[in-house]
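Asks: Okay, here's the structure, questions in a sec.
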Amino acid sequence: MKLVSKFAGWIVLFVASHVVAQDQQAKQTTSKEPAPQKLQIARIENTYKLSSNLYSGGDPHGLEALTALQKLGIKTIISVDGVAPDIEAARKLGMRYVHLPIGYDGVPRSQAVRMVKAVKSLPGPIYVHCHHGTHRGPAAAAVCEIAVEGWTNERAVDWLKIAGTSADYLGLYTSAREFTVPTADELARAGDTFPEQSKVADLVELMVKVDERWDRLKAAQKLGFPAANQNRDDALQLVELFRESARLPESKEKGSAFQREMATAERAAIGFHESLTKTDGPKVVDSSKTLEAAFNAVGKSCKACHARYRDN
């Protein structure tokens with residue numbers, strides 16, 4: 025009996041050692057895989073090469089940006105942004121668009137499966153993008169690389185950190201951390217038809233317009249708001265967009281708390297617009313401080329609303 029017990033112990037020790045060795049070998053293999061390669065491309069933000077077939081980055085807005093992707097050899101562009109893709113411009117350059125928009129709360133399983141199917145079946149290399157290439161796009165690219173390139177979930181999470189995905193977007197990190205490779209049945213059910221442009225909710229469309237104005241105003245802020253007419257127009261557009269957002273049926277369905285958030289954002293935008301249109305004579309410094317405070321109030325309002333309704 026002692027001999028049998030000792031022999032059994034040797035077997036357990038051998039199996040345990042073999043498992044540890046395999047685990048160490050797997051870690052070494054993972055560590056040798058090439059890290060995401062940062063690329064500098066004119067007019068495109070946060071662009072990375074993740075593998076020979078997949079790239080991730082910001083919106084390739086305009087002919088110059090799309091031409092840069094063409095020169096990279098990109099054949100298919102997958103947008104997860106709410107903005108309607110520039111389908112015709114891409115076509116003229118020999119590329120096609122696939123529009124599979126997602127939110128900041130994570131990559132829905134059904135949409136993730138469609139993305140994976142697109143990456144597996146459409147001509148590559150493939151470029152995946154959101155607006156700035158920092159949050160939703162990297163999360164979408166992560167689930168694709170898990171399914172196509174065999175990334176571990178740990179590596180997918182590390183990639184989000186490299187891309188600069190905010191830790192506040194818990195849903196995006198959860199998608200990378202918990203995504204599992206789609207089954208053959210799931211991929212079959214996803215079909216072979218991919219939309220060039222998807223219909224997005226009216227509230228999403230309005231918030232896309234808010235983002236566009238806000239991006240221009242943030243750029244103007246860095247320069248001290250020099251183009252007064254354009255700044256005032258963008259500020260006024262923010263007022264109208266927040267006001268219009270509150271009137272949508274989708275907003276009303278979200279309840280009174282969301283309505284109050286929209287009202288707060290509207291008031292902050294009104295204050296910012298008024299600050300832009302006022303002149304305080306020689307009190308330039310005081311005027312500048314007032315303008316900056318009004319600008320920050322709009323940003324604070326947006327951040328608070330995002331934290332409650334968008335990010336998680």
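Quick note, our numbering runs 24 ahead of the 1-based positions in the sequence shown. Cβ coordinates follow ideal geometry from the N, Cα and C atoms, glycine included. All values derive from a computational prediction rather than experimental measurement.
By a C-beta neighbour count over all protein chains shown, 10 Å radius and 16 as the cutoff for buried, is GLN135 buried or exposed?
Replies: Locating residue 135 in the sequence shown gives position 111, where the first residue counts as 1. If you draw a 10 Å sphere on the C-beta of GLN135, you find 16 or more other C-beta atoms in it, and that means buried.
Asks: Could you tell me the distance, in whole angstroms, from the CA atom of LYS327 to the CA atom of TYR333?
Replies: Here residue 327 corresponds to residue number 303 of the sequence shown, with the count starting at 1. Here residue 333 corresponds to residue number 309 of the sequence shown, with the count starting at 1. Taking the straight line joining both Cα atoms gives about 10 Å.
Asks: For a quick check, are the C-beta atoms of HIS159 and ASP83 less than 8 Å apart?
Replies: If you number the sequence shown from 1, residue 159 lands on position 135. If you number the sequence shown from 1, residue 83 lands on position 59. Contact: no.
Asks: Pick out the complete alpha helix (DSSP H) segments inside the region 249–278, 4 residues or longer, and give them in chain order.
Replies: 252–271 and 273–277
Asks: Taking the alpha carbon of GLN61 as the reference point, which residue from ILE68, TYR72 and ARG67 has its own alpha carbon closest?
Replies: Here residue 61 corresponds to residue number 37 of the sequence shown, with the count starting at 1. Considering only alpha carbons, the answer is TYR72.
Asks: Does SER325 come out as helix, strand or coil in the three-state DSSP assignment?
Replies: For the purposes of this step, residue 325 is identified with residue 301 of the sequence shown, where counting begins at 1. Three-state DSSP puts SER325 in a helix.
Asks: Looking only at its chain, what residues have a beta carbon closer than 7 Å to the beta carbon of ARG267, apart from the 5 residues adjacent to it on each side?
Replies: On the sequence shown, residue 267 is found 243 positions in, with the first residue counted as 1. Within the same chain, ARG267 has close Cβ partners GLU290.
Asks: Assign ILE150 to one of two classes, buried (16 or more other C-beta atoms within 10 Å of its C-beta) or exposed (fewer than that).
Replies: Position 126 of the sequence shown, counting from 1, holds the residue named residue 150. Classification of ILE150: buried, given that the 10 Å Cβ count is 16 or more.
Asks: Using the C-alpha atoms, what's the distance from HIS85 back to ASP110?
Replies: For this step, residue 110 is matched to residue 86 along the sequence shown. For this step, residue 85 is matched to residue 61 along the sequence shown. Roughly 8 Å separates the two Cα atoms.
Asks: How many Å lie between GLN64 and GLN245 at the Cα?
Replies: The sequence position of residue 64 within the sequence shown is 40, counting from 1. The sequence position of residue 245 within the sequence shown is 221, counting from 1. Spanning the two alpha carbons is a distance of roughly 24 Å.
Asks: Tell me, please, which residues DSSP counts as bridged to LYS185.
Replies: Counted from its first residue, the sequence shown places residue 185 at position 161. Partner(s): none; LYS185 has no beta bridge.
Asks: Quick check on the DSSP output: the alpha helix (DSSP H) that includes GLY161 runs from which residue to which?
Replies: As a position in the sequence shown, residue 161 is number 137, starting the count at 1. 160–172 is the span of the alpha helix (DSSP H), which, as asked, contains GLY161.
Asks: Using DSSP's beta-bridge definition, name the partner residues of VAL152.
Replies: Residue 152 sits at position 128 when you count from the first residue of the sequence shown. Paired residue(s): SER80 and ILE102.
Asks: Need the endpoints of the beta strand (DSSP E) that GLN221 sits in, please.
Replies: Your numbering for residue 221 matches position 197 in the sequence shown. Unbroken run through GLN221: none, as it is neither H nor E.
Asks: Determine the direct distance from the alpha carbon of ALA108 to that of TYR197, and round the result to whole angstroms.
Replies: The residue given as residue 197 occupies position 173 in the sequence shown. The residue given as residue 108 occupies position 84 in the sequence shown. Taking the straight line from one Cα to the other gives about 25 Å.
Asks: On the three-state DSSP scale, how would you describe LYS116?
Replies: Position 92 of the sequence shown, counting from 1, holds the residue named residue 116. The answer is helix: DSSP assigns LYS116 an H, G or I state.
Asks: Going by beta-carbon coordinates alone, are GLN221 and HIS123 separated by less than 8 Å?
Replies: Locating residue 221 in the sequence shown gives position 197, where the first residue counts as 1. Locating residue 123 in the sequence shown gives position 99, where the first residue counts as 1. A contact, by the Cβ cut-off of 8 Å.
Asks: Taking ASP235 as the reference, give the member of ASP258, GLY248, CYS168 and LEU247 with the closest Cα.
Replies: The residue you call residue 235 lines up with position 211 of the sequence shown. Here the closest residue by C-alpha is ASP258.
Asks: Using 10 angstroms around the beta-carbon of ASP239, count the other beta-carbons present and answer buried if the total reaches 16, otherwise exposed.
Replies: The residue you call residue 239 lines up with position 215 of the sequence shown. With fewer than 16 other beta carbons inside 10 angstroms of its own, ASP239 counts as exposed.
Asks: With C-beta atoms as the reference, is ALA187 less than 8 Å away from GLU169?
Replies: Stepping through the sequence shown from its first residue, residue 187 is reached at position 163. Stepping through the sequence shown from its first residue, residue 169 is reached at position 145. No. Outside cutoff.
Asks: Starting from LEU196, trace the beta strand (DSSP E) both ways and give me its first and last residue.
Replies: What you label residue 196 is simply residue 172 of the sequence shown in a count that begins at 1. Run containing LEU196: none in the beta strand (DSSP E); it sits in the alpha helix (DSSP H), 194–202.
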